[in-house]
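Structure first, then comments.
Residue numbers (the UniProt record's numbering), protein chains in the order written: chain A, 1 to 456; chain B, 1 to 456.
As structure tokens, this is what we get:
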């Protein structure tokens, strides 16, 4: 009997920032304020997310405490939390199906070490790992890695382009069936099924091979979030999932068409890249209840924390020197993440917001799409974007944890399922199977790095 | 009622090299040949080790495939395996008590990244992490990290000395009670309980603080294994556990007295450092059975693999160019690990071994103390060293897994317990509690790095 064709369904990630995406989340009465140091609580949330059939858990990362000031730094939970690859390795052991995506920086890692850690997570989880490639954008991180200053945006992307080629090359070290482990003959692996990278490039010289066996899903899924021009090109060439922040349907459609349109140049099909905008959903059984939840969180924001968060998000440009009830000033070119800067300035311009208003406005969703409403409202909006060329799925950013996850799982997901828009059971066991992504084949010669490699 | 004084008992680590310490272990019929890629099998072994009340699991590490040749490289299992900090994070989630010690290199890591990964493992495991500091000793590793060549031994130790100060300083970022998480006032942590490192030294410039909360055991236990002069000085200043390879009681006593004697110079007490020599025990219900097990493994060694392993262990000096039935030649000074070179040459000289004999001899224990006998034989020898100033405990290197672990746990441990030499239940929940180590106090000013730090 032929398998019934499933209609296209949306992919859903769960952004598990501890203890919730809203800057004041930790102060909310039911929030797990110590989540960044409480593995058992994280394990429970991961199992809850898996029971809800999310495609993946997503963890962002910064390799620094961004704000060490007494007045604002002490008022945020985003100061101490688990390192993502170790946390997800722990969560892999207490879950069976859900994908596990960790952020890691190409600016402050070495490709061999990073490739290896993700390959290991991918084996531990039996094919459920994803790597969200970031180039980092704060001076605080540079100061922890001995740099004279944070490298410039173009330099970071130049390094990232080569970095990912090395990582992909290392993940191509052993063929899927390389390990014979034949006790009788004494041959552990087939030498013909080993590829030694021998990469020599501008930034890196890496011989290989990687000392980790190939994952059941071929290799770790490549995730990216950059929306700058070099970010989009890198994504078009290499990303399999793109997280993005889009405020309106029109913006989402434009971004979607732009990025999908770039794929053909790299010989890729549109379905090889899933575009998943973020959404910060505040869900209530009624609109009034949702609004009350949101207002409660907004009330908990300390004004200086909001402006500090905004300053950090536009590339460490200190806005506290401007009047909070005045307009957002024209800013000089900074060295931070371009995507967020553009996003925030567009928002301020469009809605004519003061610094204080913009700060409060972004303190929850941090520039992402923010929706306050009922399950029906939210399902309507997700469906609209999903069916009209705006998204292949969404990255859900619960305002608080565990409350925001419970709200989404118990109110919005049943509504999406009623509409046939989201799965009731996992399609397979690996992250690639959930997302409908190809399993990359092992290549005897890796095309992507051939230009920059040389025989030993 | 005063607690009864427990007599001094030995500490026991379990060296979980996949799939056993013997170079031909994977070929043995019951060995878990795919252990290096099989998390479920590792999880089962970890639970077995915990049920046996081992103090800790120990994982070594090399950030390369050392031998990529078709003739010998394909015949060993030590080619692909999990990255230790991710594997132990997974194992932390499926165990409750056993300590988790991972090897990581100071030569091929950045201190902020390493400090953070171990701090994260330490929180995930609720205070059970240990870091075995190595400086690495192979050219293969240098080639994966863009180095022109492997740094010299003295340079590696110079970097390691500063590296560990930075790591200890970063682990001292937040006081144990820094995180108030007071929802009412909105204060997440007490600024007075934060120490910013501001380290500027010869090798590293690291501002800090670390973005991970302090562990329930203060910080990760520091483990080392270097036996060279700089290795012993680094251990005397900073190590809390030292693994070492000692062939005879006299050697073990000399090493023990030497290292413990160095502690006072650094203001440390003798009980702040546990010395745990390795032992490769081949256990049988009779001596004949033990010998038969050993012979079976030795028969499985491919001659070229043995000589290749020996060549690698003495610092990548190729012995295959010499006749295998001839004497071990005088070797030039190499850039490898000094401890192992001395150890192996002493062994060859003492027992007048040919290259082939030495190769076969070290293929199991890799230079460590090798004992083939009954549970009584092995308990006698362990007891002798333990009671006569040779050891605080031992690092058990099972010839094969799971067989070698099962043999030790079911035959030797009951014998040690009958003699009152090993625990029947864990004393506490953290690795420091198992080992009887002090919990380091948070220091507002960290003495160890004060000389090389400067205010911002």
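Think of the CB as a built atom: it goes at the ideal place given N, C-alpha and C, for glycine as much as any other residue. For clarity, every value in this text was computed on a predicted model and none was experimentally measured.
In terms of alpha-carbon separation, which member of 77(B), 282(B), 317(B), 135(B) lies closest to residue 407(B)? The residue given as residue 407(B) occupies position 407 in the second chain. Per the Cα distances, 282(B).
Beta strand (DSSP E) runs contained entirely in the stretch 35-114 of chain B, provided each spans 3 or more residues: List check, beta strand (DSSP E) in window: 56-59, 99-105.
The alpha helix (DSSP H) that contains residue 413(A), what's its start and end? The residue labelled residue 413(A) in the question sits at position 413 within the first chain. Start and end: 413-418.
Cut-off 8 Å between Cβ atoms - residues of its own chain near residue 307(A), not counting five sequence neighbours on either side: Taking the first chain and counting its residues from 1, the one referred to as residue 307(A) is at position 307. Within the same chain, residue 307(A) has close Cβ partners 319, 320, 324, 355, 356, 359.
Report the CB separation of residue 194(B) from residue 115(B) in whole angstroms; it is logged as a contact under 8 Å. As a working note, residue 194(B) is residue 194 in the second chain. As a working note, residue 115(B) is residue 115 in the second chain. At roughly 16 Å, the Cβ-Cβ gap does not stay under 8 Å, so residue 194(B) and residue 115(B) are not in contact.
Expected contact under 8 Å - CB spacing of residue 121(B) and residue 86(A) to nearest Å: Translated into positions along the second chain, residue 121(B) becomes position 121. Translated into positions along the first chain, residue 86(A) becomes position 86. Right, the Cβ-Cβ distance comes to about 5 Å (below 8 Å), so this counts as a contact.
Any idea if residue 352(B) is buried or exposed, counting beta-carbon neighbours within 10 angstroms, 16 or more meaning buried? Taking the first residue of the second chain as 1, we reach residue 352(B) at position 352. Residue 352(B) comes out exposed.
Residue 171(B) CB to nearest chain A CB: under 8 Å? Residue 171(B) sits at position 171 when you count from the first residue of the second chain. So no, residue 171(B) is outside the interface.
Outcome for residue 191(A) when other beta-carbon atoms lying within 10 angstroms are tallied against a minimum of 16: What you label residue 191(A) is simply residue 191 of the first chain in a count that begins at 1. Classification for residue 191(A): exposed.
Within 10 Å of its beta-carbon, does residue 69(A) have 16 or more other beta-carbons around it, so buried, or fewer, so exposed? Within the first chain, residue 69(A) is the residue found at index 69, counting from 1. By the neighbour-count rule (16 or more Cβ atoms within 10 Å), residue 69(A) is not buried but exposed.
Would residue 257(A) and residue 385(A) qualify as a contact pair, given that the criterion is a beta-carbon distance under 8 Å? As a first step, residue 257(A) must be located in the first chain, where it is residue number 257. As a first step, residue 385(A) must be located in the first chain, where it is residue number 385. Contact flag unset, no.
Going straight from the alpha carbon of residue 309(B) to that of residue 317(A), what length do you get? Start at 1 with the first residue of the second chain, and residue 309(B) comes out as number 309. Start at 1 with the first residue of the first chain, and residue 317(A) comes out as number 317. CA-CA distance, residue 309(B) to residue 317(A), rounds to 56 Å.
Examine chain A for any beta-carbon lying closer than 8 Å to the beta-carbon of residue 157(B), and answer yes or no. The residue you call residue 157(B) lines up with position 157 of the second chain. Not an interface residue.
Short-range partners of chain A found in the stretch 83-107 of chain B, where Cβ spacing is below 7 Å: Listed by position along the chain: 83, 85, 86, 87, 89, 90, 92, 93, 94.
is_contact[residue 295(A), chain B] using C-beta, thresh 8 Å: By 1-based counting over the first chain, the position of residue 295(A) is 295. So, not an interface residue.
Could you list which residues in chain B have their beta carbon closer than 9 Å to that of residue 316(A), in chain order? Locating residue 316(A) in the first chain gives position 316, counting from the first residue. Going along chain B, no residue has its Cβ under 9 Å from residue 316(A), so there is no contact; the nearest lies around 14 Å.
Taking the straight line between their C-alpha atoms, what separation do you get for residue 314(A) and residue 344(A)? If you number the first chain from 1, residue 314(A) lands on position 314. If you number the first chain from 1, residue 344(A) lands on position 344. Whole-angstrom Cα-Cα distance: 8 Å.
For a contact meaning CB atoms closer than 7 Å, what does residue 146(A) contact in chain B? As a first step, residue 146(A) is located in the first chain; it is residue number 146 there, counting from the start. Within chain B, the residues near residue 146(A) are 204, 205, 206.
For a contact defined as C-beta to C-beta under 8 Å, what are the partners of residue 209(A) on chain B? The count along the first chain starts at 1 and reaches residue 209(A) at position 209. Ordered by position in chain B, the residues that pass the 8 Å Cβ test against residue 209(A) are 65, 68.
Opening and closing residue of the beta strand (DSSP E) in which residue 406(B) lies: The count along the second chain starts at 1 and reaches residue 406(B) at position 406. Element bounds for residue 406(B): not the beta strand (DSSP E) but the alpha helix (DSSP H), 403-407.
So, is the C-beta of residue 191(A) closer than 8 Å to a C-beta in chain B? The sequence position of residue 191(A) within the first chain is 191, counting from 1. Put simply, the CB of residue 191(A) is near chain B, with a gap under 8 Å to one of its CB atoms.
As an exercise, report each continuous alpha helix (DSSP H) stretch of at least 4 residues that is fully enclosed by the stretch 190-270 of chain A, in chain order. Correct list: 229-238, 249-262.
Residue 50(B) classed as buried or exposed, judged by whether at least 16 other C-beta atoms fall within 10 angstroms: Within the second chain, residue 50(B) is the residue found at index 50, counting from 1. Its Cβ being crowded by 16 or more others within 10 Å, residue 50(B) is buried.
Just reading off the alpha helix (DSSP H) that residue 310(A) is part of, what are its end residues? The count along the first chain starts at 1 and reaches residue 310(A) at position 310. From DSSP, the alpha helix (DSSP H) with residue 310(A) extends over 303-313.
Measuring alpha carbon to alpha carbon, tell me which of 433(B), 143(B), 238(B) ends up nearest residue 160(B). Counting from one through the second chain, the residue named residue 160(B) turns up at place 160. Ranking the options by Cα distance to residue 160(B), first place goes to 238(B).
Quick one, which of 177(B), 54(B), 77(B) has its alpha-carbon nearest residue 428(B)'s? As a first step, residue 428(B) must be located in the second chain, where it is residue number 428. A check of alpha carbon separations from residue 428(B) across 177(B), 54(B), 77(B) identifies 54(B) as the nearest.
Listing by chain order, which chain B residues have their CB less than 8 Å from the CB of residue 152(A)? Here residue 152(A) corresponds to residue number 152 of the first chain, with the count starting at 1. Here the premise fails: no neighbours, minimum Cβ distance about 19 Å.
Own chain residues within Cβ distance below 7 Å of residue 41(A), not counting five before or after: Counting from 1 along the first chain, the entry for residue 41(A) is found at position 41. Closer than 7 Å at Cβ, skipping near neighbours: 32, 35.
On the CB-based measure, 16 or more other CB atoms within 10 Å of its CB, does residue 207(B) come out buried or exposed? Sequence index remark: in the second chain, residue 207(B) carries index 207 (1-based). Classification of residue 207(B): buried, given that the 10 Å Cβ count is 16 or more.
Out of 111(B), 214(B), 18(B), point me to the one whose CA is closest to residue 46(B)'s CA. On the second chain, position 46 is the one that residue 46(B) refers to. Looking at the Cα atoms, 18(B) is the closest of the given residues.
At what residue ranges does the stretch 362-391 of chain B contain a whole run of the alpha helix (DSSP H), taking only runs of 4 or more? Counting whole runs of 4 or more residues, the stretch 362-391 of chain B contains the alpha helix (DSSP H) stretches 375-387.
Using a Cβ cut-off of 8 Å (strictly closer), state whether residue 427(B) contacts chain A. On the second chain, residue 427(B) is found 427 positions in, with the first residue counted as 1. Judged by the 8 Å Cβ criterion, residue 427(B) is not in contact with chain A.
Within 8 Å (strictly less), CB to CB, does residue 163(A) reach chain B? By one-based count along the first chain, residue 163(A) stands at place 163. No, residue 163(A) lies away from the interface with chain B (no Cβ there is under 8 Å from its Cβ).
Among 371(B), 379(B), 326(B), which residue has its Cα nearest to the Cα of residue 349(B)? Position 349 of the second chain holds residue 349(B). The shortest Cα separation from residue 349(B) among 371(B), 379(B), 326(B) belongs to 326(B).
Chain B contact for residue 302(A) (CB, 8 Å cutoff): Within the first chain, the letter at position 302 stands for residue 302(A). Yes - at least one Cβ of chain B is within 8 Å of the one on residue 302(A).
Does the stretch 269-286 of chain B come into contact with the stretch 393-403 of chain B, if we say contact requires no fewer than three beta-carbon pairs (one atom in each stretch) closer than 8 Å? Yes, since at least three Cβ pairs between the stretch 269-286 of chain B and the stretch 393-403 of chain B fall closer than 8 Å, the two stretches touch.
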